[in-house]
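A short write-up of the structure that comes next.
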Amino acid sequence: MSITTLGFRVNYRTTHQKLQTQKNSSYVCGDFHRSVPGVEAIYSLSGKLTGIFTFINHMRPIIKKFVTFCLASVLTLTLLGAIGGIGAYVYITPRLPEISTLKDVQLQVPLRVYARGGELMAEFGEMKRTPLKYEEFPKALIHAVLAAEDDRFFEHPGVDYQGILRAAWQLVRTGERVQGGSTITMQVARNFFLSREKTFLRKINEIFLALKIEGELSKEDILALYLNKIYLGKRAYGFAAAAQVYYGKPLAELDLSEIAMIAGLPKAPSSYNPVVAPERARIRRNYVLGRMRALGYITEADDERARQVPVHAGVHGQNIAVEAPYISEMVRNEMLGRYGDAAYTDGYEVYTTIDARLQKAANRALRDDLLAYERRHGYRGIIKHVDLFELDDEGDELSVWSALLREVKPVGHLLPALIVSVGDESAYAFTRDGRLAYLGWEQIKWARRIIDENHLGPELAHASEVLKTGDVVYLAVAGTGCHWLAQIPRVAGALVSLRPGDGATDVLVGGFDYYQSKFNRVVQAQRQPGSSFKPFVYTAALDKGYTAASIINDAPVVFDAPGLEDTWRPENYSGRFYGPTRLRQALIKSRNLVSIRLLRDIGIGYTVRYVTRFGFKSKNLPRDL
């Protein structure tokens, strides 16, 4: 029997016999029929045609014609589709990228800087990522991701034909595109090898690439690549980074509600972002929880408890254990010079010689001393004043105050605060972090008015002389239960401590607050070194024939000083003169006149050239005594 329709002639018995003959031949029994999608389906289909057409022969003529026409149409379209699929496979497969690169893939991981004991000091790089192995991901997260993205992941061969047919039927029925056609493996293929353009050819490439990936990687490896690679908003790549960014804690510490929240992000990181769109994110989270319950991953009680948790995500940085931004910036600059932009993406971990305990003490010491200096030199005034009665009171009072203080940035460890009550010798303030702070008289009375650089106004008698309700000020912690009234220091400072044995840097603080001023006063500022430069002059003299027992006269000396109105008459710190003095004694006592005479004897030019071996640059050294 033969059927002709749409210009395509099919002899079902001949077709069946030919296919059976080819299937049993040495050619078809090779790898070809197993490697080309659709061939096995044709064998199966042809085997069933004989029974179908036998059944048709027993029908009434008009029904037989109609059924024969429909069947021929379906068969024609099926064969055309199979031939097209085989052709596409033969054409596209040789052009697909090598999957072997996924086995040794180098994910972009930021540069991280650590203290001597492994405490994190800083992280640099656009992509926030912390790659994990498959076994390190919590089971609850894997279940949540599978429920949200691809619940048949461990069953299909990389392409979920059921999902594609379901999505196609939905498109035909409603005209709307729905989830269901793209598997996790296809998303891996797209993220690692393909562009984001939405074209038919790219989708075909994605399907064949997914099949190829499944043939070379295990399901666990594919899922690990997905969980580490996928973009989840707020510069977070991978679920470990998302846990830190949105909840400020490791992935293993997230509860079910938080896991379901980030598991819902891959579909649309912007639309379902819990920070930007908390209500849409809550709906998406509940959908993921419902899918997990439907698949048996969680109980109904688990689902209900997780749904009751309010959306509480925020934007968190890395858990920095040691505040050392100045030394971290020095490391970043050095790494950038060595490795270029790869320093930000190749996952370098730099361990410094910084002692975390000492660094924290140095930060506190420098800031406390600069603030103490400020308190000795008077108060420059409040940040600004607001009328509390005129503030917008549509929300509750604390929310209005918090919104007001968010406009003022903290500096160092100084907190912006709003004065809400003032007594005779005390005051209360609402701080930027939402707490009520107490200011005692000891913490207020220093704030005398500045007259000029050397004079202050009269001592305060009442707190109201300097503070009023509605003042926005800075506070610094003074101890348990109280705060200093404070101000941003005008005087700068720095602190560095080196180990004498090997020169390693134990601590380095380049200023009061790196984010207020990035100028590193330890390594970028130049200032007069004073008597600390004398050992270099004495060392140069020893190399020129002097000894520790050489004698120089500690007596008055007068020099003509070009450019000055008068002559130069150097003196010792004590104002006294001690006569002939051995070099060893002159260095111990830091005698200025002996050092000046010694420098004049060995020559300024020789000394400048000599000290360059210690790292000094000759252009920075003055050519005078």
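Per the numbering used here, the very first residue in the sequence shown carries number 1; after that it's consecutive.
Note that the Cβ used here is the ideal one computed from N, Cα and C, for glycine as well.
- For the pair residue 145 and residue 204, the CB atoms are not nearer than the 9 Å cut-off.
- Residue 479 is bridged by DSSP to 482.
- Under the DSSP assignment, residue 337 falls in the alpha helix (DSSP H) whose first and last residues are 325-339.
- Per the Cβ contact rule, the stretch 459-476 is not in contact with the stretch 318-333 (fewer than 3 Cβ pairs under 8 Å).
- Looking from the CA of residue 138, the closest CA among 233, 253, 75 belongs to 253.
- DSSP places residue 441 in the helix class (H, G or I) of the three-state scheme.
- Straight-line spacing of the CA atoms in residue 409 and residue 426 works out to 25 Å.
- Within the stretch 378-453, the complete alpha helix (DSSP H) segments at least 4 residues long are 397-405, listed from N- to C-terminus.
- Classified as buried, residue 150 has 16 or more neighbouring CB atoms from the shown chains inside 10 Å of its CB.
- Annotation: residue 248 is outside any alpha helix (DSSP H) and is labelled neither H nor E by DSSP.
- Take the alpha-carbon of residue 309 and the one of residue 257: they are about 7 Å apart.
- The way I'd put it, the stretch 215-234 does touch the stretch 256-270; three or more beta-carbon pairs between them come closer than 8 Å.
- Residue 505 is bridged by DSSP to 498.
- Taken atom to atom, the span from the alpha-carbon of residue 365 to that of residue 497 is near 13 Å.
- DSSP, reduced to helix, strand and coil, places residue 614 within a helical segment of the structure shown.
- With fewer than 16 other Cβ atoms inside 10 Å of its own Cβ, residue 543 counts as exposed.
- Distance from the CA of residue 376 to the CA of residue 615, rounded to the nearest whole angstrom, comes to 38 Å.
- DSSP places residue 230 in the coil class of the three-state scheme, outside both helix and strand.
- Of the residues assessed, residue 319 falls on the exposed side of the cut-off, its CB having fewer than 16 other CB atoms within 10 angstroms.
- Secondary structure at residue 579: strand, using DSSP grouped into helix, strand and coil.
- Secondary structure at residue 287: helix, using DSSP grouped into helix, strand and coil.
- For the pair residue 115 and residue 351, the CB atoms are nearer than the 9 Å cut-off.
- Rounded to whole angstroms, the separation of the alpha carbons of residue 329 and residue 398 is 37 Å.
- Contact between the stretch 353-360 and the stretch 153-160 is absent, with fewer than three C-beta pairs closer than 8 Å.
- Secondary structure note for residue 554: it is in no alpha helix (DSSP H), and the uninterrupted beta strand (DSSP E) holding it is 551-554.
- A straight line joining the alpha-carbon of residue 501 with that of residue 368 spans about 29 Å.
- Three or more Cβ pairs closer than 8 Å define a contact, and the stretch 537-551 falls short of that threshold against the stretch 512-519.
- Judged by DSSP in its simplified three-state form, residue 346 adopts strand.
- In terms of Cβ geometry, residue 247 and residue 128 do not form a close pair [threshold 9 Å].
- If you check the CB distance, residue 224 and residue 289 do not come in under 9 Å.
- For residue 121, the secondary structure class from DSSP, reduced to helix, strand or coil, is strand.
- A straight-line Cα-Cα distance of about 20 Å links residue 280 and residue 239.
- For residue 474, the three-state secondary structure derived from DSSP is strand.
- If you look at residue 113, you'll find it in the beta strand (DSSP E) that goes 111-114.
- About 7 Å separates the CB atoms of residue 624 and residue 604; that is less than 8 Å, so the two are in contact.
- In the structure shown, the three-state DSSP call for residue 361 is helix.
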